[in-house]
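Chemist: Heads up: the protein sequence lines correspond to chains A and B, in order.
Following our numbering, the numbering of the first sequence begins with 25 at its first residue and continues without gaps.
Following our numbering, the numbering of the second sequence begins with 25 at its first residue and continues without gaps.
Beta carbons are placed, not taken as given, at the ideal position from N, Cα and C, and that holds for glycine.
There are 2 protein chains.
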Amino acid sequence: MMTERLVVIGGDAAGMSAASQARRMRKADDLEIIVFEQSGYVSYSACGEPYFVGGWVEDFSDLQVRTPEQFQAKGIDARIHHQVTSIDLDGRRVAVRNPNGEETVAYDQLLYATGATAIRPPIQGMDLDGVYMLRTLDDAARLRSLVTSGVERAVVVGGGYIGLEIAEAFEHLGIHTTVVTMMPTVLERTLDPDMAELVSDHMRSMGIHVETGFKVECIAGAGGIVAGVGCDDRSFPADLVVLALGSRPQIELAKEAGIPLGPTGAVAVDDHQRTEIEGVWSAGDCAEALHRISGEPVNLHLGTVANKAGRVAGINLGGGDATFPGVLGTAITKVGDLEISSTGLTELQALEIGIEAVAASINSTTSAHYWPGSSPMTVKAIAERGTARLLGAQIVGGPGAGKRIDIFATAMWSELPADELAWTDLSYSPPFSGVWDPVHIAARKAGEKALN
Amino acid sequence: MMTERLVVIGGDAAGMSAASQARRMRKADDLEIIVFEQSGYVSYSACGEPYFVGGWVEDFSDLQVRTPEQFQAKGIDARIHHQVTSIDLDGRRVAVRNPNGEETVAYDQLLYATGATAIRPPIQGMDLDGVYMLRTLDDAARLRSLVTSGVERAVVVGGGYIGLEIAEAFEHLGIHTTVVTMMPTVLERTLDPDMAELVSDHMRSMGIHVETGFKVECIAGAGGIVAGVGCDDRSFPADLVVLALGSRPQIELAKEAGIPLGPTGAVAVDDHQRTEIEGVWSAGDCAEALHRISGEPVNLHLGTVANKAGRVAGINLGGGDATFPGVLGTAITKVGDLEISSTGLTELQALEIGIEAVAASINSTTSAHYWPGSSPMTVKAIAERGTARLLGAQIVGGPGAGKRIDIFATAMWSELPADELAWTDLSYSPPFSGVWDPVHIAARKAGEKALN
């Protein structure tokens, strides 16, 4: 028996999920698995980083799901501080810079799972001391040591999930915090403006300054050290600036090698995570995924998607037959006690791509209104006019509100229309909801709007 | 235009939902609506009663969703302390005992929504002072005044949802509490034994004594006052005994009048809430509903079902066309910090009715394992061998665990098989779940068992 070799570029969620799954299915003398990871960590939780910075998660090692040694023990040769510098598709080999020099490693199967990297905007003052980004575990460790040594004022540039989570962390540490975003609202990729307003109102009530519609073109400094964001009359003083402007897929290696990219600029894959090159696979933040509502490829940077796509690639590399079923883009976060979640398209996104969308927003409570722990909860459901097909949903509310987005996600997954979701048999007891769950009410109203 | 008259017997969830819905759709000069309610309250929250007894809900009026006056103002003639004593189907009229005497009231349409009543077992000592049941608001008020005036030891007979909720309330008040049930486990109608053990273990850790497999045949007393449960060597001293042995549909009036009952002993209805008698409808705890998994009629006493069935009846009475879509029996409760929920059939119930069921139970956590508020969570998913059709699910775990049952309920509603639920796009962030939600993991394992 010939031993095949699988080389995985990138040792985070997608790469290690795939490696683990392939290893479970094929023995070491059948499939050798080598993972090259340029950082010092494999399989880490990027999503946990803001919570480490904020001090809720105290143990840095908690952010590492598994160590290279643990993978080695399972028969996966996970090599950290190994950076793949080029891919030779014809020769079926990769060039690798390792701590001792350079090497060339041949492969039979290649999984391209390089992930995403933080967007580094062309802003004057980017190189000042005190300007940071948060993407890698090293970033998190650095930020953590900074915030525990006397930061007084921080500005977070970017109003996406990560931006808000970092702002929450800073506020929790007693740092005077400002979030600035050039967008008209926070979370504009996942929430419609009416829902986003609830989030910024809550942030302000927590003492976080939120500045929307502010484009940062300059970071001010003095003596090489950051002094604030904005260099004109409108500026925000800061001794720490974190840029959270989103991330982009790491496709340079793929592009240079000639692995085809898709319309989003990420690696194009089929529903088995195969690229267009025989023997080359891709999964995770660097690859596209099909959106189940729009039917279009998207490039979402979500741990859930990376884990699933990695698993699919791993099953197929392991000799099985798995199909990646697509994504809805379901996501959740919190700022203080406020839970925020969304799935599918926003109303604006649906309209933009030409779907006739209607939406209903309802105000309800997380529990029976008379339950002592009950708090407000707003649910927005978006449906297609004429069919009541669910296109998306958004939830903003107190403890217990956010995870209800999974009800919408499951309904959308199953193509259950809004007017039918309105009748489903959901659980009720006063500490948990009203007798009609807020999800029911929003679905019913969206269904009525869609069908009338 | 002739004004039709709708008479509703029973002014709780089903009756008032129907009345409200019909009123929204038809004006008062088109449809007169009279509701006869034998108690002093309409539209009250029976599910909130244990929480009023326990003192979490302080205001008695919170248990009344709406008052008779509020219904009057909406054009619904809701008459409390009016007991219907017989139904004359041929004459289309009901006999009513009101506070001033007797009357006969004609109807064009009749909605039979009498609800359920607590089962009163034939136990010696039932009439002793200090033996109570909890069903009506008056029961709740009586129990509340009792527990706040020096009860030291209480025994709750019955290990169902209400029994556990009352026990939680007593424990919360510092009362020495014992739950006895003749069943081998608590919650045996909604949880399989492995899951039920987690609940009784937790109750014991809270200081609640749980005695399973104990059939109460005698309540002991002295001088007409209760002294304990059990009159032999095995007995439990108590100065308060609450019987929570479940409820049965109030079908006496229907039976006497000749309204046909179904196989469960409750009123038989079609999917429009019509009984077999022209012009006579029924909804709520007194009526049957179709179980979506077994395909059989069931008689569940759940506020959610009563509200939905009432709404369906109301839409149809209002001139619309609504179909009751069936039930899964989804339910949730809590004991202390432990959340408990279930939907569909238990593994045992599925096997009993001849379905080849397989089950997978998994232990996970409510949040990422490293999140400070994370607590254990066990999920059991039950699927049909060969098809992976989801038959039921059960969840027992810390805060945030219980409401996830709605994901299963929505999947089951849509006939999404376990192996597909395993790939759905559910929300993830460390404060809310692991990257694979416990629901995913349980669904995947159940799917694998079912298909292999």
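Flag this pair as touching only if the stretch 29 to 44 of chain B and the stretch 413 to 429 of chain A have three or more C-beta atom pairs under 8 Å; answer yes or no.
Modeler: The stretch 29 to 44 of chain B, when compared against the stretch 413 to 429 of chain A, does not touch it at the 8 Å Cβ threshold.
Chemist: Have a look at residue 435 of chain A and residue 391 of chain A and give me their C-alpha separation to the nearest angstrom.
Modeler: In the first sequence, residue 435 of chain A corresponds to position 411, counting from 1. In the first sequence, residue 391 of chain A corresponds to position 367, counting from 1. Near 22 Å, if we compare the C-alpha coordinates of residue 391 of chain A and residue 435 of chain A.
Chemist: Since residue 332 of chain B meets chain A, which of its residues come closer than 7 Å, beta carbon to beta carbon?
Modeler: If you number the second sequence from 1, residue 332 of chain B lands on position 308. Neighbours of residue 332 of chain B on chain A, chain order: 447.
Chemist: What residues from the stretch 426 to 441 of chain B come within 9 Å of chain A, judged by C-beta to C-beta, listed N to C?
Modeler: Those would be 426, 427, 428, 429, 430, 431, 432, 433, 434, 435, 436, 437, 438, 439, 440, in chain order.
Chemist: Work out the CA separation of residue 267 of chain A and residue 415 of chain B for me, nearest whole Å.
Modeler: As a first step, residue 415 of chain B must be located in the second sequence, where it is residue number 391. As a first step, residue 267 of chain A must be located in the first sequence, where it is residue number 243. The straight-line gap from Cα to Cα measures roughly 48 Å.
Chemist: Going by CA-CA distance only, name the one from A:174, A:380, A:396 that's closest to residue 410 of chain A.
Modeler: As a working mapping, residue 410 of chain A is identified with position 386 in the first sequence. Here the closest residue by C-alpha is A:380.
Chemist: Which bits of chain A does residue 469 of chain B rub up against, with CB to CB less than 8 Å?
Modeler: On the second sequence, position 445 is the one that residue 469 of chain B refers to. Per Cβ cutoff of 8 Å: no residues; residue 469 of chain B is ~14 Å from chain A at best.
Chemist: In chain B, what lies closer than 7 Å to residue 64 of chain A by C-beta?
Modeler: As a position in the first sequence, residue 64 of chain A is number 40, starting the count at 1. Those do not exist, as residue 64 of chain A stays about 19 Å from chain B at its closest Cβ, beyond 7 Å.
Chemist: Report yes if the CB atom of residue 306 of chain B is closer than 8 Å to the CB atom of residue 293 of chain B, and no otherwise.
Modeler: Along the second sequence, read from residue 1 onward, the residue named residue 306 of chain B stands at position 282. Along the second sequence, read from residue 1 onward, the residue named residue 293 of chain B stands at position 269. Going by C-beta atoms, residue 306 of chain B is nearer than 8 Å to residue 293 of chain B.
Chemist: When burial is assigned at 16 or more other CB atoms within 10 Å of the CB, is residue 279 of chain B buried or exposed?
Modeler: Working through the second sequence from its first residue, we reach residue 279 of chain B at position 255. Under this definition residue 279 of chain B is an exposed residue.
Chemist: Tell me the DSSP bridge mates of residue 271 of chain A?
Modeler: Here the question's residue 271 of chain A lines up with position 247 in the first sequence. Partner(s): A:142.
Chemist: Kindly indicate which residue of A:389, A:269, A:437 has the alpha-carbon position closest to the one of residue 424 of chain A.
Modeler: The count along the first sequence starts at 1 and reaches residue 424 of chain A at position 400. Answer by Cα proximity: A:389.
Chemist: Quick one: does residue 392 of chain A have its CB under 8 Å from some CB of chain B?
Modeler: The count along the first sequence starts at 1 and reaches residue 392 of chain A at position 368. Yes, its Cβ sits closer than 8 Å to a Cβ of chain B.
Chemist: So that I know if they touch, is there some Cβ in chain A lying closer than 8 Å to that of residue 98 of chain B?
Modeler: To locate residue 98 of chain B, count along the second sequence from 1; it is residue 74. No, because no Cβ of chain A sits closer than 8 Å to the Cβ of residue 98 of chain B.
Chemist: Under the DSSP definition of a beta bridge, which residues are partnered with residue 131 of chain B?
Modeler: In the second sequence, counting from the first residue as 1, residue 131 of chain B sits at position 107. According to DSSP, residue 131 of chain B bridges with nothing at all.
Chemist: In chain A, which residues lie less than 7 Å from residue 456 of chain B when you measure between Cβ atoms?
Modeler: For this step, residue 456 of chain B is matched to residue 432 along the second sequence. Simply 356, 426, 427.
Chemist: How long is the line joining the alpha carbons of residue 250 of chain A and residue 406 of chain A, rounded to whole angstroms?
Modeler: Taking the first residue of the first sequence as position 1, residue 250 of chain A is located at position 226. Taking the first residue of the first sequence as position 1, residue 406 of chain A is located at position 382. Roughly 43 Å between the two C-alpha positions.
Chemist: Taking DSSP as the reference, what is the three-state secondary structure of residue 165 of chain B?
Modeler: Position 141 of the second sequence, counted from the start, is the residue given in the question as residue 165 of chain B. Of the three classes helix, strand and coil, the one that applies to residue 165 of chain B here is helix, per DSSP.
Chemist: If we ignore side chains and look at the alpha-carbon of each, how far apart do residue 344 of chain B and residue 98 of chain B end up?
Modeler: Counting from 1 along the second sequence, the entry for residue 344 of chain B is found at position 320. Counting from 1 along the second sequence, the entry for residue 98 of chain B is found at position 74. About 20 Å.
Chemist: Tell whether a beta-carbon distance below 8 Å holds between residue 238 of chain A and residue 297 of chain A.
Modeler: Taking the first sequence and counting its residues from 1, the one referred to as residue 238 of chain A is at position 214. Taking the first sequence and counting its residues from 1, the one referred to as residue 297 of chain A is at position 273. Cβ distance not < 8 Å, so residue 238 of chain A and residue 297 of chain A don't count as in contact.
Chemist: Taking the DSSP output, what are the residues bridged to residue 418 of chain A?
Modeler: Counting from 1 along the first sequence, the entry for residue 418 of chain A is found at position 394. DSSP lists A:366, A:404 as partners of residue 418 of chain A.
Chemist: Taking three-plus beta-carbon pairs below 8 Å as touching, is the stretch 49 to 60 of chain A in contact with the stretch 352 to 372 of chain B?
Modeler: Not touching, per the Cβ criterion.
Chemist: Once you ignore the five residues that flank residue 288 of chain B on each side, which residues in its own chain have a CB closer than 7 Å to its CB?
Modeler: The count along the second sequence starts at 1 and reaches residue 288 of chain B at position 264. Same-chain partners within the cutoff: 312, 321, 322, 323.
Chemist: Taking 8 Å as the threshold (C-beta atoms), are residue 64 of chain A and residue 105 of chain A in contact?
Modeler: For the purposes of this step, residue 105 of chain A is taken as the residue at position 81 of the first sequence. For the purposes of this step, residue 64 of chain A is taken as the residue at position 40 of the first sequence. For residue 105 of chain A and residue 64 of chain A, yes; Cβs fall inside 8 Å.
Chemist: Less than 8 Å between the C-beta atoms of residue 385 of chain B and residue 404 of chain B, yes or no?
Modeler: Indexing the second sequence from 1 puts residue 385 of chain B at position 361. Indexing the second sequence from 1 puts residue 404 of chain B at position 380. Yes, these two residues count as a Cβ contact at 8 Å.
Chemist: Using a C-beta cutoff of 8 Å, does residue 146 of chain A count as contacting chain B?
Modeler: Working through the first sequence from its first residue, we reach residue 146 of chain A at position 122. No, its Cβ sits nowhere closer than 8 Å to a Cβ of chain B.
Chemist: So, for residue 68 of chain B: in the same chain, excluding its five sequence neighbours on each side, which residues have a beta-carbon less than 7 Å away from its beta-carbon?
Modeler: For the purposes of this step, residue 68 of chain B is taken as residue 44 along the second sequence, with counting starting at 1. Hits under 7 Å: 36, 87, 88, 89, 161.
Chemist: Check for me: the alpha helix (DSSP H) holding residue 156 of chain A runs from which residue to which?
Modeler: Residue mapping note: residue 156 of chain A aligns to position 132 of the first sequence, counting from 1. No alpha helix (DSSP H) holds residue 156 of chain A; the beta strand (DSSP E) holding it covers 155 to 157.
Chemist: Could you pull the start and end residues of the beta strand (DSSP E) that residue 233 of chain B belongs to?
Modeler: Position 209 of the second sequence holds residue 233 of chain B. Its beta strand (DSSP E) spans residues 233 to 235.
Chemist: Suppose you measure from the CA of residue 463 of chain A to the CA of residue 419 of chain A; what does that come to, to the nearest Å?
Modeler: Walking along the first sequence from the start, residue 463 of chain A turns up at place 439. Walking along the first sequence from the start, residue 419 of chain A turns up at place 395. The straight-line gap from Cα to Cα measures roughly 9 Å.
Chemist: Counting Cβ pairs, one atom from each stretch, are 3 or more of them under 8 Å apart for the stretch 201 to 208 of chain A and the stretch 166 to 185 of chain A?
Modeler: Because the criterion of three Cβ pairs below 8 Å is met, the stretch 201 to 208 of chain A and the stretch 166 to 185 of chain A touch.
Chemist: If the cut is a Cβ gap below 8 Å, which residues of chain A does residue 68 of chain B touch?
Modeler: For the purposes of this step, residue 68 of chain B is taken as the residue at position 44 of the second sequence. Result: empty, since nearest Cβ-Cβ is about 12 Å, beyond 8 Å.
Chemist: Considering Cα atoms alone, identify which of B:277, B:302, B:341, B:335 is closest to residue 310 of chain B.
Modeler: Along the second sequence, one-based indexing puts residue 310 of chain B at 286. Nearest C-alpha to residue 310 of chain B: B:277.
Chemist: Could you check which residue in B:166, B:80, B:337, B:240 has the C-alpha nearest to that of residue 48 of chain B?
Modeler: Numbered from its first residue, the second sequence carries residue 48 of chain B at position 24. Out of B:166, B:80, B:337, B:240, B:337 has the C-alpha closest to the C-alpha of residue 48 of chain B.
Chemist: Under a CB-based cut-off of 8 Å, is residue 352 of chain A close to chain B?
Modeler: Translated into the one-based positions of the first sequence, residue 352 of chain A becomes position 328. Cβ-Cβ to chain B under 8 Å: yes for residue 352 of chain A.
Chemist: The beta strand (DSSP E) that contains residue 122 of chain B, what's its start and end?
Modeler: Against the second sequence, residue 122 of chain B aligns to sequence position 98. Unbroken beta strand (DSSP E) run through residue 122 of chain B: 117 to 122.
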